[in-house]
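Residue numbers (the numbering used here), protein chains in the order written: chain A, 1 to 516; chain B, 517 to 1032. Note that the Cβ used here is the ideal one computed from N, Cα and C, for glycine as well. Owing to the predicted nature of the structure, the values given are computational and were not obtained by experimental measurement.
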């Protein structure tokens, strides 16, 4: 069928889509969500059909931006349109839904069609749901991870040892990477670190580093930075590493599921060429992993997956029951990290975590007594010098001082309502309050914890400060802090033994922060 | 945030969608697939966010047709935009994904938000996938079915007994409804039958009936037809009965899954007010249900679900291993049905099926010896007179004769390549060939089977005819028939015992039509 092109000028955002009039669609024998092949002057594209009752008349075809670009379609071009079958990858998706194991070739076909935007939201969601419900064998996990790496760019760094780290996240204020990368680079090892921005948290590493220097580096800029300094701290979103992951996250995010955790992490590590990787697994109440048992199971999978992908993986379980250091929020955390690496003021838990992770990486790379070496590189000022080199190479000011980083000017103090000891700090509530104050968008907003677990406080003593760039947001954040009461101050926990009763008992009273 | 409206003029097709510039979205703290509330002169709508890099500038908001209409937005209107949380129903969807049972209230919330277009394709797919993987308890099935009926129109017919039938389908040429409805109506019972059009088959009942009279009736026209004649044969798509079903089918169709089979059927029966329903379950090789055991399990669920919804259900397992009668394709089937009801020429299997189904319905309604009564109403001409009344009431020509129904003028004969007996007819292949010939769009296209299972044939004898409205389509259909060889002619099946070997044996040679 020959149809006249009408351009929407709009990106569909994902898959190739064309709009047909209901009568033309019936003539072609296609329904909404079926596919057609469109052909314009020798350029062909397979598109998903959307039926429009009003926007396209009979004889017209509505063309979204992606199709317009790929097939070089202009308004009123006459386009050949034929019915087309679904891609084979859809067959593999339904196979997985039905409980079958997928081969390497089948996984690759699904990932390739995802990257090539040949699968609709419905089909991608079905795939991700199938992985969620059916799980994956180790062979499938390897196939998926490798396919995700192979369908994107590779950094192509020519070093025998390339180290990398990844944190499973979930703990606020975790600025560990900002100290680990300079330590490793100062030790002479290559660490091309890419990080994410906050989605549901108060700050991602990319948001924190951006308070010191630009992070939107392309592959070329990453390579030049690493060549000059051994390391970098870039935002992963500006490089096309394992791009299928972005499409899968688009589905996982609204559903709060994460069946691609292992492939998502390891495909990116493969794409940067990492040979030795440490996975930080924050564990405990309020973290993503609640128990050592859970963490151990996951760690074994990471190590096995690494082995099969040619990457040596070590996993480090870290205490995840409260924020790392005192600061939560991009600028406050950048200040704290810069102070710590400059040996001005360093929270002991941050330093302890940093030298453990960096130490593990150094030992993986072949060093003895990694933790001591990491500590020495930190205390001697080598790490600070390396950080400043990296800042300069990424286009920031290498002379930047902690108090040169702007923070919110609207500040409130939250005080303890009682005498006692701090027994818990609710990570999720701290994040909610920081976000209410403006993070991650307002970089200067956030929280400074003045007390941490185990500290004793007097009634009326300041336990935390809220920073905001904006007075209204500060007041919203204060109100939320009053409601959530994120820091637990009690005499002794064992004085209140009852947590909850079912079915008709009281709701969980938040005596401890126990996950539901 | 206040943004200037820019209208796309395009329907998103499902959910409410607005487009934001990436910087405005960051300012609002929302990501793609998050929600915002848009407010224009007191009219509010919750919309899903799409991020557009090029189509909307900072300060603009792109508005799809559905949002434009619901909030009466005009170009350049200044719209208030706030971040909005996800609807509660999304929480229930993730609850179901995690294996929980949903309450009546929770199911209702999901169905309501589906009908109100508040859920994205991703979220709807997650729900349908969760039902596919997790299954439903009977309580959940009742809640879902009732919610689907309650969120749509009800016909509101005031009769104590309203009967209805439904076929699970899968067998080509099944024109049973076209004879059952007139028989039941002639017996004095109310049967407001709505049917679907073909999606993957060669003809739906609505397509067949449309060869006799219009079928796109609104609720008012259905009521008037039923008042006049006791029955109707309308297309279900023009009435808003259980509209959530259409949204669910939009997801099920590309994935070839059908977890909502029971609610889909029974919600529509509830919406038409049916009190007594017969479910026809074609069973056997080549049908949807392969074994009596499978059919029995499903039948028990239908009966139990009916009981809980206040509908008396009987299930009738029918032989589904070959097409019903000889004709496949809308017009050819309409001819065959009209011939049969006029006692001109009636295939015995069609008559046998019709009087069994109609008989069951009559007995459900309180008659004795339903099958005999049905046969009498058919043979006496009462059913034919009733059919012609219905045709007239729906706006067709009551005097229509079988050969007054136009069929394709391009005809080919397919001949047997060997002497033997017909052991099987492959339903799926018959459908594929009929569709290649032009069905369901070209109503005059289709297949006439000259032989059925058990008939003996000579080499060179005609076993089927292909009809098409178009010479090219006829030739494509002939070629496909040669490839698929849909009719199995053999001396004796037991002469070839080997079906297949694994892993390295031959592929299944199609000696019998066994499903994989």
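- Distance from the Cα of residue 214 of chain A is smallest, within the candidate group A:350, A:394, A:477, A:23, for A:394.
- In the structure shown, residue 930 of chain B falls within a strand segment according to DSSP collapsed to helix, strand and coil.
- With contacts defined as CB atoms closer than 7 angstroms, residue 270 of chain A and residue 365 of chain A fail to qualify as a contacting pair.
- In the structure shown, residue 943 of chain B falls within a helical segment according to DSSP collapsed to helix, strand and coil.
- The three-state reading of DSSP puts residue 40 of chain A in strand, counting E and B together.
- Residue 45 of chain A has A:38 as its beta-bridge partners, per DSSP.
- One Cα belongs to residue 804 of chain B, the other to residue 1013 of chain B, and the distance between them is close to 25 angstroms.
- In terms of Cα proximity to residue 518 of chain B, the closest of B:870, B:593, B:994 is B:593.
- Of the residues assessed, residue 567 of chain B falls on the buried side of the cut-off, its CB having 16 or more other CB atoms within 10 angstroms.
- When B:846, B:973, B:974 are compared, the shortest CA-CA separation from residue 922 of chain B is found for B:846.
- Inter-segment contact for the stretch 860–874 of chain B and the stretch 690–698 of chain B is present: three or more beta-carbon pairs are separated by less than 8 angstroms.
- A Cβ-Cβ contact shorter than 7 angstroms links residue 326 of chain A with residue 449 of chain A.
- A Cβ-Cβ distance of about 34 angstroms is found for the pair residue 736 of chain B and residue 798 of chain B, leaving them out of contact under the 8 angstroms criterion.
- Out of A:111, A:18, A:437, the CA that lies nearest to the CA of residue 89 of chain A is found in A:111.
- When B:857, B:538, B:708 are compared, the shortest CA-CA separation from residue 565 of chain B is found for B:538.
- Residues of chain B with a Cβ closer than 8 angstroms to the Cβ of residue 125 of chain A are, in chain order, 637, 638, 641, 642, 645.
- If you check the CB distance, residue 444 of chain A and residue 490 of chain A do not come in under 7 angstroms.
- When CB distances to chain B are screened at a threshold of 8 angstroms, the residues of the stretch 40–60 of chain A falling below it are 50, 51, 52, 53, 54, 55, in chain order.
- Contact annotation for residue 547 of chain B against chain A: 199, 253 [CB-CB distance below 8 angstroms, chain order].
- Looking at the backbone, the Cα of residue 152 of chain A and that of residue 390 of chain A are separated by about 26 angstroms.
- Going by C-alpha positions, residue 673 of chain B is about 58 angstroms away from residue 440 of chain A.
- Taking C-beta separations shorter than 7 angstroms and ignoring five residues to either side along the sequence, the partners of residue 242 of chain A in its chain run 148, 149, 152, 267, 268, 271, following chain order.
- Within 7 angstroms of the CB of residue 23 of chain A, no CB atom of chain B is found; the nearest one sits about 10 angstroms away.
- Listed along chain A are 26, 27, 28, 29, each with a C-beta nearer than 9 angstroms to that of residue 957 of chain B.
- Distances from the alpha-carbon of residue 104 of chain A to those of A:259, A:114, A:430, A:92 put A:92 closest.
- Proximity of the stretch 129–141 of chain A to the stretch 293–313 of chain A meets the contact definition, three or more beta-carbon pairs being nearer than 8 angstroms.
- Note that the C-beta distance between residue 171 of chain A and residue 191 of chain A is not below 7 angstroms.
- Scanning B:952, B:980, B:983 for the CA closest to the CA of residue 28 of chain A turns up B:952.
- DSSP, reduced to helix, strand and coil, places residue 50 of chain A within a strand of the structure shown.
- For residue 383 of chain A, the CB contacts under 6 angstroms within the same chain, skipping 5 residues up- and downstream, are 182, 183, 186, 341, 377 in chain order.
- For secondary structure counted as the beta strand (DSSP E) over 3 or more consecutive residues, the stretch 299–344 of chain A holds these complete runs in sequence order: 312–319.
- With fewer than 16 other CB atoms across the displayed protein chains lying within 10 angstroms of its CB, residue 411 of chain A is exposed.
- Non-local beta-carbon contacts of residue 206 of chain A in its own chain, meaning distances under 7 angstroms to residues more than five positions away in sequence, involve 195, 196, 197, 215, 235 in chain order.
- Scanning its chain for C-beta atoms nearer than 6 angstroms, with the 5 sequence neighbours on each side dropped, one finds around residue 446 of chain A the residues 328, 329, 332, 434, 439, 467, in chain order.
- Beyond the five residues adjoining it in sequence on each side, residue 740 of chain B comes within less than 8 angstroms, by CB distance, of 909 in the same chain, given in chain order.
- Contiguous beta strand (DSSP E) elements confined to the stretch 673–697 of chain B occur at 679–683, taking only those with 3 or more residues.
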